[in-house]
Structures are given as structure tokens and as C-alpha cells.
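Residue numbers (the working numbering), protein chains in the order written: chain A, 198 to 445; chain B, 198 to 445; chain C, 198 to 445; chain D, 198 to 445; chain E, 198 to 445; chain F, 198 to 445.
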């Protein structure tokens with residue numbers, strides 16, 4: 198089984214970090230390929246960077262020339278998710294969507310904790326867009342961005358633990374999601390000190406991807422995610438142009 | 198890994214049918230134990246039967262004296278789900294909730310097709326209760342109940358295929374969920390003739406349960422799903438009384 | 198006129214308490230019969246107990262062998278309400294639903310105050326299920342359960358008065374509902390000290406039941422609350438089996 | 198017990214019709230006083246007429262110089278309801294609000310049938326404003342206005358029966374409300390031919406008013422329906438000016 | 198181009214104040230005519246006054262005998278807006294609706310700050326009625342009414358500036374709307390001290406009205422805002438009667 | 198006054214078409230500069246193209262080196278709107294958002310008619326994201342895309358007129374919006390044959406932009422649309438990198 202993991206943050210270090218932990222959650226026989234966004238923010242934490250990252254997600258998908266049974270979009274916030282679902286012939290999972298659903302599956306309401314304060318309203322809008330607004334008790338952010346946390350995770354353990362426990366209390370949450378590609382690897386280290394179940398969305402999404410890859414649903418032939426008629430384009434990478442123009 | 202599958206329908210035949218297909222979806226080393234509801238409707242398809250089945254779910258859980266790393270509630274509609282999540286020390290998945298989330302993960306809006314027309318408004322209310330009302334394009338039912346379909350699945354293949362395709366068109370659905378414990382085994386047989394991805398909730402829930410069982414979140418220590426203080430009871434089975442009274 | 202009051206809490210003392218106050222609110226010629234849940238929690242205050250109580254509600258209804266022009270489900274939270282409405286040939290009112298509607302009728306937004314902190318999220322979900330989420334300003338709970346309050350109501354008067362006034366301030370409520378079968382009789386004693394109109398749901402539901410009993414709507418012959426086709430069952434009380442199997 | 202029934206339609210004939218049937222629903226000792234709107238449409242069936250009727254409702258209330266234990270606003274659509282609740286020292290019930298709540302209490306979803314096609318979107322907006330949008334399956338109107346129906350009710354019986362049965366089918370409704378002051382007296386004549394329970398909102402509101410009058414909640418002393426500080430006015434009737442200026 | 202500005206507050210001083218500032222926002226060639234409500238509260242700040250003002254709005258419109266290419270309803274809260282849209286043959290804009298839309302157009306969520314504490318829940322209900330509940334972060338009121346502020350605006354500058362800044366912080370708002378006819382002219386004076394963009398709804402509505410007046414959409418010929426069939430009336434001003442009865 | 202109009206469709210012909218009609222709606226002294234997307238679909242009509250267009254929008258904004266008092270995003274669906282609002286120091290208006298708000302301002306519910314059937318669910322999601330889901334009666338699409346219509350508008354007049362009238366009837370709409378950059382210039386030609394007011398979103402957005410440009414709100418200094426801290430990037434155009442990295 199082969200999975201493609203797309204990190205639209207344009208930092209190979211973040212891709213490596215995410216891949217390392219993703220592989221730790223995967224079955225031994227699962228192969229996970231990583232692609233890094235080729236343009237845009239080193240670490241997505243603003244609305245403009247998010248918009249660019251959606252394009253970078255599609256571009257990275259098109260650039261990948263190997264096999265994949267399922268695709269993971271590994272930026273918590275899932276930029277480009279619906280476009281990629283339309284474009285890709287494999288099933289696509291988003292880190293944030295999978296994490297939020299998993300939290301909802303535990304019952305009650307979840308809080309999200311992540312790095313970078315500009316993510317607060319962006320994630321509230323994202324959660325509403327996937328229908329889980331009422332299941333979300335609130336979003337709490339800490340000041341350092343995911344990139345800063347990734348560069349020195351040890352320094353952030355206490356800060357994030359405290360933020361999780363504060364979010365449980367402030368929002369009345371039954372479950373907490375620790376979001377952020379840059380936070381990969383941190384959830385298992387602090388879970389025992391968080392006073393509610395702590396969801397690691399990377400663990401969730403890797404295992405969900407393995408499930409989908411093992412029994413992939415067919416590409417829809419009608420509806421909003423079916424293949425589109427060819428779309429004339431300009432100025433795109435050759436690979437993305439091929440995909441969108443129906444030549445790939 | 199051991200899973201407990203609870204069928205609150207009081208038909209051992211349905212439990213056997215569901216177990217057979219559930220085991221087919223599970224990994225080789227996964228052991229699935231089945232429990233059948235001890236009281237209530239042979240096949241749940243009314244509001245009164247649904248209410249009784251919620252109790253039967255809890256009773257079956259308490260009666261089970263083996264090990265389990267996760268629990269599957271295998272009646273599409275999930276009677277007793279929130280109570281069982283409170284009572285159980287393992288993670289609990291519902292057949293309908295897991296199926297609806299999986300459908301939502303594919304993008305767009307899903308239709309539900311199931312047997313027994315009284316399930317229509319009941320499932321609409323269920324979907325709303327888990328926050329996915331806007332992701333649900335509609336619920337379509339066929340006249341035979343799940344029990345009737347289970348007794349002669351071959352006879353229902355065309356009816357259900359047509360119902361799925363009609364639901365796609367009527368509701369403008371991007372994905373279809375074929376619900377119903379009694380319909381276990383049918384989705385794989387008709388999927389190729391359905392004009393949109395067809396979700397088999399049993400496949401989904403078994404694999405989700407394996408994931409959770411492999412890395413179970415801790416039982417919450419606070420909030421709406423934490424263990425309760427002991428509850429004095431009367432008239433219950435000894436096993437359920439032990440659980441609710443905190444003596445187990 | 199005869200009313201059947203079902204208390205799914207399995208405490209005859211609570212039934213007696215509720216009946217005593219219900220009769221005080223009823224017209225002189227109204228006869229109110231009481232039935233107590235035969236199995237389940239002595240006092241419902243958890244999700245598991247709630248699920249069992251829904252069955253106990255149906256069982257108590259079936260066990261009753263007298264006449265009734267209308268039925269009152271006298272547990273604030275209304276376990277089994279929709280199932281009982283399907284099963285019963287008389288109109289059915291729920292203590293919580295009737296109380297919340299009455300509060301909404303006064304204009305503005307209502308707060309709910311009750312005993313037992315696990316009721317908080319359960320009642321928020323209940324209020325949403327009956328469409329009044331926006332009319333509900335919030336739910337506040339006090340630590341002692343309704344059963345504890347019933348055993349020594351005098352000791353709880355100040356606590357509940359303070360909780361009502363705090364809820365008005367905290368939630369910005371225009372009206373307060375004092376919920377809980379175990380709190381029967383308390384609302385009239387503290388109403389004058391609460392700084393907003395205080396709804397006694399027992400008073401409301403008794404008088405609403407008298408109205409319905411005087412001019413009962415017919416049992417629907419179609420739709421989600423019409424009589425169902427007979428449902429084969431097992432393991433139920435003879436009386437409930439007769440009802441569900443269409444033999445009664 | 199004395200009730201004040203305000204008909205903001207400016208037709209004394211409609212007031213007489215409504216009073217006649219209201220008294221038929223009331224207890225023998227209940228006295229119902231009627232007030233007719235002094236200005237505005239003979240029969241409210243447009244948005245402009247509705248706006249004027251809200252003022253006429255307040256004016257009629259102020260003009261009334263007798264006693265009243267509760268007030269009924271007897272125009273289906275309830276123009277002026279929230280203003281009257283603020284102004285009046287008695288509890289106030291609206292014909293439409295009471296009817297919709299009663300329908301919701303029967304379980305499932307209700308349809309509204311009334312006369313005058315411009316009422317369709319107006320009633321949809323009204324139902325949403327009282328929080329019952331999801332409980333309302335749809336609003337169907339017949340072409341003749343309530344005034345036309347009142348002038349020759351016999352001629353409308355078949356039309357309205359057919360409209361009720363069509364609404365049940367079209368909207369998938371479990372219950373039907375026959376709205377409209379001008380339709381007073383018609384529901385009991387056609388109920389047996391309507392294939393779902395038929396709510397007569399006049400019957401409901403009269404009996405709800407008797408309940409409230411028997412045990413009236415206090416006027417709120419804080420919040421959105423408490424007495425206001427005096428409001429300087431001009432150009433109003435002396436009686437309404439007295440009320441609003443705090444001199445009454 | 199000619200605009201009609203209706204102030205349903207019955208204070209000619211407020212009309213003059215609003216006209217003065219409205220003209221300052223208008224193009225040189227725009228002529229703005231003012232009409233003052235002839236009956237009702239001097240300054241609308243209660244539910245009862247709001248209901249009367251809706252009638253006064255229609256009355257003022259009918260009394261106006263000049264030309265108008267568009268109509269402005271200049272009371273923040275827009276009493277009578279939907280009725281006037283039905284009645285008028287010109288396009289109609291409401292001060293509050295236009296202000297809230299303009300705030301929503303800037304992105305994020307807006308807070309409303311206005312005078313008169315009874316406006317709080319009234320404006321929350323208004324915002325919900327125009328579909329912008331989720332875009333509204335909250336409503337904050339100051340104790341003096343708009344009328345009091347209008348009589349001594351200098352004294353209110355600091356109070357309102359502080360209220361705006363407090364609302365930004367309390368509600369997490371991205372934009373603030375300073376509402377209230379009596380507050381005309383204040384927004385430009387305090388905007389530089391408010392820590393978020395400050396919307397002056399009067400400026401917005403005047404310029405929106407100029408746009409609509411320059412290219413007015415046709416009066417709908419069908420639907421909820423088309424001309425109505427003539428409505429027999431009584432007790433209205435001759436001019437309003439002519440309009441509603443279809444004789445004008 | 199200078200406006201910047203960004204067409205993220207990568208067709209200079211569409212930009213010319215839109216500019217031509219935009220200038221026809223603008224005041225004589227208004228100068229409108231056009232920028233065309235430099236990469237992506239020739240005409241946006243799929244989810245993938247939409248995602249790329251959001252980036253192209255930001256890129257075009259950054260590439261523009263002239264002055265602008267306000268910015269118009271001239272693709273109906275507004276790809277990149279929230280990112281551009283964050284990035285730009287001027288106010289930004291979206292063609293679709295402005296059109297939908299203008300329709301809502303006329304009262305009642307609006308239908309959207311546009312070219313390209315894949316836009317149907319995309320626009321429904323867009324409308325929900327700006328809070329106007331309940332004001333939107335429905336979206337109807339015709340098969341030819343906006344690009345095809347732009348290449349031969351005469352051939353589409355009857356098709357679009359019929360689609361508008363069909364949408365009014367099918368959705369029960371009070372107002373219709375004719376969306377699509379490629380449809381620029383068509384609304385005025387068919388408005389007289391459409392049986393409800395027809396909104397031309399280009400006319401609306403040009404005039405709204407003139408208003409904002411005349412009195413621009415300040416760039417927020419806090420909140421979700423304030424300038425961000427510098428964002429390290431890679432692979433972007435020099436101009437966009439300068440903007441996002443805070444060097445411009």
C-alpha cells in the first residue's frame with residue numbers, strides 16, 4: 198500500500214517531521230511518499246498563505262509521479278481539500294477534517310489547540326464548513342506558530358499542555374485536538390497530562406488513509422467531485438496543466 | 198485485538214450475518230465477539246423498538262464478560278450510543294455515525310438508503326443530532342425491512358440498486374450510504390451498479406474500530422462522558438446493575 | 198377525565214411526590230394515575246440511566262391497565278417521548294418539552310435550572326432536539342441530584358433560589374424553568390424570590406394534559422407517529438410485547 | 198376568570214365570529230372580552246397591513262378598560278406580539294405561536310394551511326422567528342382570504358379539506374394547523390376528513406389562556422419584557438400614550 | 198436625483214439632525230427630502246415603540262407627496278422595512294440592514310454599539326432576521342438613549358469611543374457599527390480613536406440609496422414584494438388608505 | 198478615484214469584456230484598472246480551478262503597481278476574497294458577495310443563475326459561507342460556461358432569460374442574480390423579460406467600490422484582517438513575496 202502525503206507548507210523540514218511521525222503510525226508494509234509545496238509560505242498561518250497553499254497542494258499532487266492508493270493533505274486547516282478531491286483519482290483525506298471527525302466520534306464537544314493566533318477564526322470557519330460547528334466547543338491558539346514549535350518542540354511541551362487544559366476548562370470541551378503539521382509528534386508526549394482524551398490528527402489521518410487505500414471507493418462519475426471536462430489553462434506547471442486539461 | 202460487536206436487534210441470525218461480514222472486513226488477527234440484544238424487537242424499525250434497543254445495547258454490553266479493545270454498535274441508527282459511550286471504558290463506534298462521517302469525508306453530500314420506511318424521519322433526526330444535517334442530501338427507504346431483506350438478500354439486490362440510483366438523482370447526492378444491519382453483505386454486491394461511491398458502513402465501522410482499538414484514547418476523567426458517580430438502580434440485570442452502580 | 202402520569206425514575210417516593218403536586222395543579226374532577234418505572238435508575242441523572250428510562254417509560258405505559266385520556270411523561274428530559282408518542286393511542290406530553298415551550302411563550306430566552314450536573318449537556322441536546330436551542334439562554338445545574346433534593350427539599354431552597362438568580366444574570370435569561378421530578382413542589386416556594394418569571398413545568402404539563410384530554414387529537418393514521426405494523430419481539434414484558442406486536 | 202381577545206383585523210364581524218367560537222372552547226365561568234382593531238386592514242393579508250396591525254393591537258389593548266387575567270392576540274401571524282408582551286402586565290398569547298407549539302407537541306413536523314397566498318412567506322418568516330423552522334414542514338395557502346372564507350364558510354369546506362390533505366402529502370407533514378381568524382369554526386367541521394391530526398389554534402389559545410390566567414406568571418422585573426422607562430410620545434390615542442408614557 | 202428619508206421617530210429635531218448629516222454624505226446634485234413619523238415614540242427604544250414606528254413609517258411614506266427615486270428608512274432597527282418594501286414602488290433601504298451588510302462586506306464579524314439598553318435583544322433578533330447572525334459578534338449598548346445622545350453629543354463622545362473599543366475586545370469583533378439615528382454625526386468624530394474600522398450606517402445607506410436611485414430595479418410583479426391586491430381598510434390616514442386600497 | 202479590478206480568469210478577453218461594462222457603470226471620473234490572472238484556468242468553473250484562482254488573485258494584486266482606492270474581485274464566486282482582504286491595504290469587494298447582498302437588500306429570497314453546471318454546489322457553499330443560505334432560494338446553472346457565453350452572447354440571451362424565469366418559478370425566488378464574469382453585459386439586455394428584479398452584480402460591485410473608495414475604512418489594526426506579521430515564503434512572484442514577507 199502506498200500513500201501520498203502532501204505538505205503544502207514549503208518547508209522540507211516540516212515534511213520530514215510529519216513523514217517521520219506518520220510512518221510511525223502506519224502499518225509496516227505501508228509506504229508513505231512525501232511531497233512539499235513548491236511555492237508559498239514556509240508555514241501557513243495567514244489567510245493569504247492559506248489561499249496560496251491550496252494551489253500548492255494541487256501542484257504538489259500533479260508533480261508527484263509515483264503511485265498512491267490514497268492521499269493525505271497534511272496541513273491542519275486542509276487548504277485545497279475540495280479542489281484536490283475533484284482533481285485526484287484517489288480518495289483524499291485532510292488532517293483537520295479527519296481529526297475533527299475523530300473527535301466528534303468520541304462523543305461530546307471538542308476543542309482545537311494549535312500554534313499561531315491567526316488560525317483561530319480561520320479554523321472556526323473551517324469547522325463550520327464541514328458541518329461540525331456545534332460539535333466544536335472552541336479554538337484556542339498559542340502565540341508561537343507551528344513552525345516555531347517544530348524548531349524546538351521541547352520548549353513548547355508545557356505551553357501546549359497548559360493550553361489544552363485551559364481549553365478544556367474554558368470551552369467545556371470533552372475532547373481536545375492538537376492541530377498543526379509543525380506539532381507532529383507532540384500529542385503522544387503530552388497526552389497523559391491533558392485532562393481529556395487528546396486527538397492526534399496525524400495518527401488519525403494516517404490510519405484512515407490506510408483504510409481507504411485498502412478499499413478505495415470509486416471516483417464518482419457524476420456530481421460535484423466527478424472528473425471535470427477539460428479546463429484550458431495557462432501559466433501552470435506542466436504537470437498540473439496536464440491534469441486540469443485532461444491530458445494526464 | 199478484540200472487538201465487541203453489539204447487535205441490539207434481538208435476532209441471533211442478524212448477529213451471525215453481521216459478524217460474518219464484519220470478520221471479512223477485519224484484519225486476520227482481529228477477533229470479533231458478538232452479543233445479541235436480549236429483549237426488544239427482532240428487528241428495530243420503529244421509534245418504540247429504537248427506545249427499547251438503547252437499553253438492550255447497554256444490557257448486552259454489561260452481559261459480555263470477555264475482553265474488548267473497542268465496541269461496535271451494529272444497528273444503523275445507533276440506539277444507545279451516547280449512553281454506551283458514558284458507560285463503557287472502551288471507545289464505542291456506531292454503525293450509522295461512522296458511515297455518515299465516512300460519506301462526508303468523501304466530499305459533497307450523501308444520501309442514505311435503507312429498508313423500512315419508518316426509518317426515514319428517524320434517520321433524519323439522527324443525522325441532525327450528529328451535526329451532519331447539511332451534509333445529508335436525503336434519506337430514501339424501501340418497503341421491506343432490513344429483517345426481510347436479510348432473509349432473502351438476492352431478491353432485494355435490484356430493488357436496492359434502483360433505490361440507490363434513484364436517491365442519487367432525487368437528492369442530488371454525491372455519495373450513497375447503504376444502511377441497515379440486515380443489509381450486511383449487500384453493498385459489495387451492488388456497488389458497481391450504483392452511479393456514485395457506495396459506502397458500506399459495516400466495512401467502515403470495523404476498520405475504524407480496529408484503529409481505535411490499536412491506540413485507544415483514555416476514558417475521559419471529566420465532562421459528559423466521564424465515569425459517573427454510582428447510580429442506585431432496580432430491576433436491571435445483575436450485570437448492568439453492577440456497572441451502573443459502580444460495583445463492576 | 199383521567200390522566201396517566203409515568204415516572205420512569207424507579208422510586209415510588211418520587212412518583213408519590215410528583216403525583217401529590219400534580220393533583221394540586223389539576224382540576225377537581227381530574228383523576229391522575231401514577232406509574233413508576235419498574236427497572237432502571239432510582240433517579241435518572243446519567244446518559245445510561247436515561248437510555249434505560251426510555252424503555253421503562255414504554256414498559257410502564259404498557260403495564261397500566263386503566264383508562265387514560267392523556268399521558269404525562271414526568272421526568273424532566275423526557276426519556277422515551279417519541280417512542281411513547283408512536284406507541285400510545287392517547288396524546289403524550291413531556292415534562293421538559295411542555296416546560297420549555299411554556300417558557301418560550303412568555304417571550305425572550307429561558308434558562309433551565311436543575312439538580313445533577315450531568316444533566317447540563319444532556320438538556321442542551323434535548324432542547325436542540327425540540328427546536329428551541331436559540332430560545333434557551335443556558336442550562337445551570339446544582340450539585341445535588343433531584344433525588345437528594347427530594348429527600349430534603351427545605352435544605353435546597355436557598356441553593357436553588359440562588360442558582361435561579363445566578364442563571365438569570367449569567368445567561369441573560371428572561372425566564373427560568375425549574376426542572377426535575379425530584380424538585381416537584383419547590384417552584385411555588387421560591388418563585389417570589391427569583392428575579393424573573395419562574396416556570397414550574399409540572400404545573401404546565403398537568404394543565405396542558407387536561408386540555409389535550411378534553412379534546413384529544415386523533416391518533417395519526419400516517420406519518421412518523423401513526424400505528425406501526427406489528428413488530429415481533431422477545432424478552433419484553435407481556436404487556437409491552439402485546440402492544441408492540443399489535444396484539445393489544 | 199376574564200380574558201381579553203384582541204382582533205387587530207378591523208372587522209367587527211370577524212371579532213364576533215372569533216369570540217363566538219372562542220367562547221365555545223372556554224370553560225363556563227370564563228368571560229372573554231373582545232376588542233377590534235380601530236385602524237388598518239379589514240383583514241390582514243399583506244406585509245403593510247401586518248405592520249399596521251401591530252400598532253392596532255397595542256392600541257386595542259390600551260383602549261380596553263376592563264379587567265383581564267390574560268390576553269389573546271387573535272390574528273394568525275401574531276402582529277404586535279412582542280410589543281404587547283412588553284407593554285401588557287398580563288401574560289399574552291398569540292394565535293399562531295400557540296398553534297405552532299401545540300402542533301410541535303404532537304411530535305413530528307407540522308404544515309400550516311391558511312387563506313390568502315401572501316401569507317405564505319410571511320408565515321415562514323414568523324415560524325422561523327419563534328424557533329420552529331425545522332418543525333414546520335411547509336405552509337400552503339388557498340386563494341380566498343380569511344375574510345372571504347368567513348363570509349361564506351360553507352363554500353370553503355371542501356377547498357380547505359383538500360388543501361389540508363394536499364399539504365400532508367406535499368410537505369410530508371405529521372400534523373396540520375388550520376390558521377386564520379376568519380377560519381374560526383371550520384377546523385372542527387373538517388377534522389374528520391383530514392388525514393392527520395388537525396390543530397385548531399383558536400381552541401388551543403383559548404385553553405392556554407385559561408391556564409395562564411389561572412396562575413399568571415409575574416410581570417418580569419428585568420430583561421427584554423420588563424416594564425420600560427416612560428417613553429415620550431406624540432400622536433397616539435390618549436390611552437396608548439398613557440401606557441407608553443408610564444402614566445397608566 | 199431625489200431621495201426620501203423617513204424618520205419614524207416622532208422628533209423633528211432628530212429628522213433635522215439625520216438630514217443634515219445625510220446631505221453631507223450625498224452627492225451635490227442629490228436632493229434628500231425628510232419625513233418625520235406623525236405618531237409614536239419621540240425616540241424608538243422599546244418593543245412597543247418599535248411596533249408603532251412600523252406603522253408610522255408606512256404613514257409617513259404615504260403622506261409624502263413629492264418624487265423619490267429611492268427611500269431610506271432612517272431608524273437603526275428598520276421598523277416597517279418589509280411592509281414598506283411591499284408598499285413602495287421605489288427601492289427601500291434600511292439604516293440597520295445597510296450598515297450590517299456593509300460591515301459584513303469588510304470581512305470577519307461585526308459588533309453593534311448603540312444607545313438605549315433595550316435595543317440589545319431587539320437588534321440581535323433583527324440581525325438574525327436578515328440572516329447575519331453568525332456575522333454578528335455581539336451587540337453592546339450604552340445607557341443613554343439615542344435621543345439623549347442627540348441632545349448633547351459632545352458629552353457622549355468618550356462614552357461611545359470606550360464602548361466601541363470595549364465591544365471589539367469583548368466580542369472579538371473585526372468591525373464596529375455605530376447605530377442609531379440620534380447618533381448621526383458621531384461616527385466620523387470618533388472613528389480615529391476606535392481600534393477597528395467603524396461603520397457609519399448613515400453614510401452607507403445614503404450612498405447605497407444613490408446607487409439604487411440611479412438604476413432602480415423594477416417593482417416585482419410577482420412574489421412576496423409585488424403590489425398586492427387592494428386591501429379594504431378603516432381608520433387610516435387618507436393617504437395611507439389610498440395606497441393600501443390601491444386607489445393611489 | 199481609481200479602482201483595481203482583478204479578473205482571476207486567465208483570459209484577457211474576459212478582462213476586457215468586464216472592464217468595458219464596468220466602466221459603463223462607473224462615474225465619469227472613475228478610472229478602473231484591470232489585471233488578469235497570470236496562471237490558472239482560462240475560465241474558472243471547477244473546484245481545482247477555483248483553488249488556483251485564489252492564488253492568482255493575490256498574485257495579480259501584488260503585480261499591480263499603480264494606485265487603487267478600492268479593489269474589485271471580478272469572478273462570480275470570489276476566489277481568494279478573504280486572503281485578499283487580509284493582504285490588501287484597500288477595501289476589497291467580491292462580485293458574488295456584493296451581488297448576493299444587493300439581492301438580499303431588495304427583500305425576500307434570491308435565485309442565482311449562471312453558466313457552467315459545476316458552479317451549482319460551489320455557489321451554494323459560497324452563499325452559506327457569507328451567511329446568506331436562508332436568503333438564497335436556489336442556484337440554477339445552464340450548460341454553457343461563462344467563457345462560452347462570452348464568446349457569443351447573442352446566442353445565449355434566450356437561454357438565460359428562460360433560465361431566469363424558470364428559476365423564479367422553481368425556487369420561488371423574489372429576485373434573480375445573473376452571475377458570471379463572462380456574462381458581463383447580458384443582464385441589461387434581458388432584464389425586461391425576466392419576471393422579477395434582475396441583479397447585475399457587476400453594476401452593483403462597481404458602484405459599491407466607488408462608495409468605498411470615496412470614504413475608505415481604515416485597514417484594521419487587530420483581528421482577522423489586520424496586517425500579519427511577515428511570512429517567509431518561497432517560489433512566489435517577487436511582488437507577492439514582497440507583500441507577504443512584509444517588505445512591500
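Don't be surprised by glycine CBs; every beta carbon is placed ideally from N, CA and C.
This structure is a prediction, so every number in the text was calculated from the model and none was measured.
So, under 8 Å CB-CB, residue i and residue j are touching, yes? Tell me the CB distance rounded to an integer number of Å.
| i | j | result |
| --- | --- | --- |
| residue 292(A) | residue 398(A) | 5 Å |
| residue 382(C) | residue 214(C) | 7 Å |
| residue 308(F) | residue 373(F) | 5 Å |
| residue 253(A) | residue 239(A) | The Cβ separation is near 12 Å, so there is no contact. |
| residue 258(C) | residue 284(C) | 7 Å |
Taking only beta-carbon positions, decide if residue i is within less than 7 Å of chain E.
| i | result |
| --- | --- |
| residue 329(D) | no |
| residue 255(D) | yes |
Look up residue i in the DSSP assignment and give the residues it is bridged to.
| i | result |
| --- | --- |
| residue 337(E) | 310(E) |
| residue 238(D) | 430(E) |
| residue 289(C) | 268(C) |
Kindly indicate the opening and closing residues of the beta strand (DSSP E) around residue i.
| i | result |
| --- | --- |
| residue 199(A) | 199–204 |
| residue 231(B) | 228–233 |
Are the C-beta of residue i and some C-beta of chain C separated by less than 7 Å?
| i | result |
| --- | --- |
| residue 436(B) | no |
| residue 371(D) | yes |
| residue 375(D) | no |
How would you write the range of the alpha helix (DSSP H) that residue i sits in, first residue to last?
| i | result |
| --- | --- |
| residue 346(A) | 343–348 |
| residue 218(A) | 209–222 |
| residue 375(F) | From DSSP, residue 375(F) is part of no alpha helix (DSSP H) but of the beta strand (DSSP E) over 372–375. |
| residue 380(B) | Premise fails: residue 380(B) is in no alpha helix (DSSP H) and is neither H nor E. |
| residue 296(E) | 292–302 |
| residue 329(F) | Per DSSP, residue 329(F) belongs to no alpha helix (DSSP H) and is neither H nor E. |
Measuring only between beta-carbons, confirm whether residue i sits less than 7 Å from chain D.
| i | result |
| --- | --- |
| residue 294(E) | no |
| residue 274(E) | no |
| residue 321(E) | no |
Taking only beta-carbon positions, decide if residue i is within less than 7 Å of chain F.
| i | result |
| --- | --- |
| residue 443(A) | no |
| residue 202(E) | no |
If you measure from the beta carbon of residue i to each beta carbon in chain B, is any gap under 7 Å?
| i | result |
| --- | --- |
| residue 279(C) | yes |
| residue 236(C) | yes |
| task | Quick one: which unbroken alpha helix (DSSP H) runs of 4-plus residues sit fully inside the segment 388–439 of chain F? Chain order, please. | result | 398–411
| request: For the segment 244–283 of chain C, list the beta strand (DSSP E) runs that are entirely contained and at least 3 residues long, ordered along the chain. | output: 267–270
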